[in-house]
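Chains as they are written, first to last, in my numbering: chain G, 42 to 354; chain Z, 42 to 354. Encoded as C-alpha cells, the structure appears first; notes follow it.
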C-alpha cells in the first residue's frame, strides 16, 4: 500500500475540477502534469493505472501522480469527480515498507509554533493512495461546491477552490490517523509546553530565569527543559537567544538605537556578549547587519522600505 | 484608510491564538514579530496603535503589522480574540491613495488555471486594516474553534488552525468585494475561456488548428484569441507551445525516446522546429536538458529520482 506525505504548509493549488461521466474516450490513456484526486460518484469505475487494474466503488478515492497514465480497462461504468492540483513543496510517495505508526507521530508539528520557526518545521499529513473516506458525503459535497465555483465563477473563487482541496486532504488525513491510532488526543505535556512557550514569548526581554519560570508553571525546571526539547527540538536557552536576536534585528533595522542600548534593552549581560550571540546565530555582527540592511535599502529595493516583511531578514 | 493585499497562494501559518480579557497589563506597549488579527468579543476595546487611538466595538477587526506596538490608551474594556500568523509571501500594505476598485479586479486570477502557470500568477485578496465583518458570528465562531484546537490539541491541529485563518481572511475579503462591487459574478466570457483552456489541455498533442477550435466552441477564432489573451495574458499559440514543451520535458526525463520521436509524438512539424521552440522556452536544447537532468540524477539528488516532482524542472 502506498501513502503520500504532504507538508502541512504546502501551497495547494487547484488547476481544474469536474464531474466525469465515463464515456468511450476513457479507454484512451491520458495523463496530465499535476496531481489528480479522483472520487467515485456512481460506481463502478474500471480504471487502470500503470499495470494496476482497479474496480472502484462509490466513495472510493484514488490519488494519481503527475503524468501518471490512466484509462478504463474495460468499457462502461459510472462517474467520478476529479480535481487536478499542484503542490509546493511536492507530495512525497511513501511505500508500504515504512512504518506507518511512526510516520503518524504528529507532535513534532509543535516546533512550528515557536516564533522563530520557519516553513520547513511544518508537520506532514499522511494520506493513502487509495482510500474510502468515512465522511463520504462531506467529500462529495466539497467536490460539488468546487464544480459550482467553476461553473459560476464569482470573486475570489480560486481561493475558495484551494480551501476546498485543503479540506479534502484534511478529511482523508484525519481518517487515516483515526484508523491507525486509537487516541488522537495529544499528551497533556503539550499543554505545559504551550504555556511555557507563551511565557518565554512574553518575558524574553526581561530577565527570564529558571527560578521565575519554575514559579510561573509550578513545575521543576529540569522537566520543563525536557518537554521543551522534546517538542521544539531546541533548548530553552537557545530559544530565548533566538527571540532576543529576532527583536535585536528589528531594532537594528527600524531604529537608530546604538548596539549598546539594544543589548541593554534586551537584558544581555554586556554588549560584547550580545555581539557574540548575534554573530553565532546570524553569522555577522550587529553593526554589519545594520550596514548591510542600510545598503540594501539605499539600493532602492522597494520591498524593504515597508515594515511589512521584517521577519524575512 | 489602509488595506492589505494577500497573495492567494500565500502560506498562512498560525503561530498562536487566544481570547484576551483585558487587564492592566494591556496598558504596557507590546509587539510581536508576526501579523496579528484582533477581533473584539466584548466591547469596548481601547487600543492605541502608533499614534492612532481606537475605540473598537463588538465584532470589529483590526490587523496589526509585525512588530507594531499596541496597548490600551485608557484602562478598562472587554475582551478580544487574537491570532498571530506569518505569511509567505508577506502581506502588502496599500494606502488609501490607491484606487480600490481597480485593485479588486480579480479576473486575472484566471491565468493561474493554465497548466503551465506558477505561483506568482495567483490573484490577490484585499482586506481592510480595520473592518467589521458582516458574518460576525461566523468569524467569532472560527476563533472559538481555534482556541479549542489550542486547548485540546488533536492530531493535525496545526493544519486545521491554518485552515481557520484562511477562512477568516476569505470572509473579510469577500465582504470588501461585496461592498465595493455591486456584481461579483464574473463575465460570461470567462466560461468560454474555461472551455477553451480545457480543449487546449486535452488536444495539444494532436494537431490543434484554428478551424478545429472554432468548430468545437462555435465561436470566431479571433474572438477566442482575444478572450484567451485577456484572461491568461498570453496567446493561444504560446500556451500550446508551453503545453507541448511541458510534456516534452517529461518525456526527455522519464523515457528514452529520441528527440525526433518526441517531436513527432507532439505534432511538431519537424525536429528542428521542436528544438528551436524548446530552446526559446527553456533556454537550452532538448538533448542538453536531458543530459543536465541525467547528471543531476546520477549525482544522487534523491528528490529527483521519483516521478513526484516533475513540474518543478
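Just so it is clear, CB atoms sit at the ideal spot from N, CA and C, and this is done for glycine as well.
Strictly by DSSP, which residues pair up with residue i?
i: residue 103/Z; result: 79/Z, 171/Z
i: residue 96/G; result: 87/G
i: residue 52/Z; result: 129/Z
i: residue 226/Z; result: 195/G
i: residue 60/G; result: 122/G
i: residue 165/Z; result: 48/Z
i: residue 135/G; result: 44/G
i: residue 71/Z; result: 111/Z
Following the continuous beta strand (DSSP E) through residue i, name the residue where it begins and the one where it ends.
i: residue 48/G; result: 44-48
i: residue 242/G; result: Looking at the DSSP string, residue 242/G is not in any beta strand (DSSP E); the run it does join, the alpha helix (DSSP H), is 230-244.
Can the beta-carbon of residue i be found closer than 9 Å to that of residue j?
i: residue 89/G; j: residue 111/G; result: yes
i: residue 362/Z; j: residue 44/Z; result: This structure leaves residue 362/Z out entirely; chain Z is present only between 42 and 354.
i: residue 167/Z; j: residue 214/Z; result: yes
i: residue 180/G; j: residue 118/G; result: no
i: residue 330/G; j: residue 281/G; result: no
i: residue 269/Z; j: residue 234/Z; result: yes
i: residue 195/Z; j: residue 225/G; result: yes
i: residue 339/Z; j: residue 326/Z; result: no
i: residue 289/Z; j: residue 307/Z; result: yes
i: residue 123/Z; j: residue 61/Z; result: yes
i: residue 355/G; j: residue 52/Z; result: Given a span of 42 to 354 for chain G in the structure shown, any question on residue 355/G remains unanswerable.
I'd like the span of the alpha helix (DSSP H) that includes residue i, first residue to last.
i: residue 200/Z; result: 198-221
i: residue 109/Z; result: Counting along the chain, residue 109/Z falls outside any alpha helix (DSSP H), and DSSP gives it neither H nor E.
i: residue 327/Z; result: 327-339
i: residue 255/G; result: 251-258
i: residue 268/G; result: 262-273
i: residue 142/G; result: 141-144
i: residue 298/Z; result: Counting along the chain, residue 298/Z falls outside any alpha helix (DSSP H), and DSSP gives it neither H nor E.
i: residue 154/G; result: From DSSP, residue 154/G is part of no alpha helix (DSSP H); its letter is neither H nor E.
i: residue 318/G; result: 312-323
My assumption, with CB atoms under 8 Å, is that residue i sits in contact with residue j. Please give the rounded CB distance.
i: residue 211/Z; j: residue 198/G; result: Residue 211/Z to residue 198/G, Cβ: 11 Å. No contact.
i: residue 125/G; j: residue 193/G; result: No, residue 125/G and residue 193/G are not in contact; Cβ-Cβ is about 20 Å, not under 8 Å.
i: residue 217/G; j: residue 54/Z; result: Wrong, their Cβ atoms sit about 23 Å apart, outside the cutoff.
i: residue 80/Z; j: residue 121/Z; result: 6 Å
i: residue 322/Z; j: residue 286/Z; result: 5 Å
i: residue 221/G; j: residue 173/G; result: About 15 Å; that fails the 8 Å criterion.
i: residue 130/Z; j: residue 68/Z; result: Incorrect: roughly 35 Å between the Cβ atoms, too far for contact.
Quick check: the Cα distance between residue i and residue j, rounded to an integer number of angstroms?
i: residue 231/G; j: residue 155/G; result: 13 Å
i: residue 276/Z; j: residue 108/G; result: 25 Å
i: residue 291/G; j: residue 237/Z; result: 49 Å
i: residue 205/Z; j: residue 318/G; result: 37 Å
i: residue 228/Z; j: residue 132/G; result: 35 Å
i: residue 159/Z; j: residue 278/Z; result: 19 Å
i: residue 346/G; j: residue 333/G; result: Confidence in residue 346/G is poor, its pLDDT being 43 and thus under 50, which makes the residue's placement unreliable; the coordinate value appears in the next sentence. Near 14 Å, if we compare the C-alpha coordinates of residue 333/G and residue 346/G.
i: residue 71/Z; j: residue 127/G; result: 39 Å
i: residue 77/Z; j: residue 103/Z; result: 8 Å
i: residue 354/G; j: residue 298/G; result: The predicted model places residue 354/G with a pLDDT of 41, which falls under 50 and marks its position as unreliable; any figure quoted below should be read in that light. Those two C-alpha atoms are separated by around 18 Å.
i: residue 96/Z; j: residue 82/Z; result: 13 Å
i: residue 64/Z; j: residue 207/G; result: 38 Å
i: residue 302/G; j: residue 42/Z; result: 35 Å
i: residue 283/G; j: residue 59/Z; result: 23 Å
i: residue 349/Z; j: residue 91/G; result: Confidence in residue 349/Z is poor, its pLDDT being 40 and thus under 50, which makes the residue's placement unreliable; the coordinate value appears in the next sentence. Using only the alpha carbons, I get a separation of about 15 Å.
i: residue 314/G; j: residue 251/G; result: 20 Å
i: residue 337/G; j: residue 312/G; result: 25 Å
i: residue 85/G; j: residue 242/G; result: 55 Å
i: residue 328/Z; j: residue 305/Z; result: 15 Å
i: residue 271/G; j: residue 191/G; result: 45 Å
i: residue 249/Z; j: residue 273/G; result: 55 Å
i: residue 267/Z; j: residue 140/Z; result: 26 Å
i: residue 352/G; j: residue 163/G; result: At residue 352/G, the pLDDT of 40 sits below 50, so the modelled position is not reliable; the number obtained from the coordinates is stated separately. C-alpha separation (whole angstroms): 17 Å.
i: residue 219/G; j: residue 178/Z; result: 30 Å
i: residue 309/Z; j: residue 245/Z; result: 11 Å
i: residue 105/Z; j: residue 300/Z; result: 55 Å
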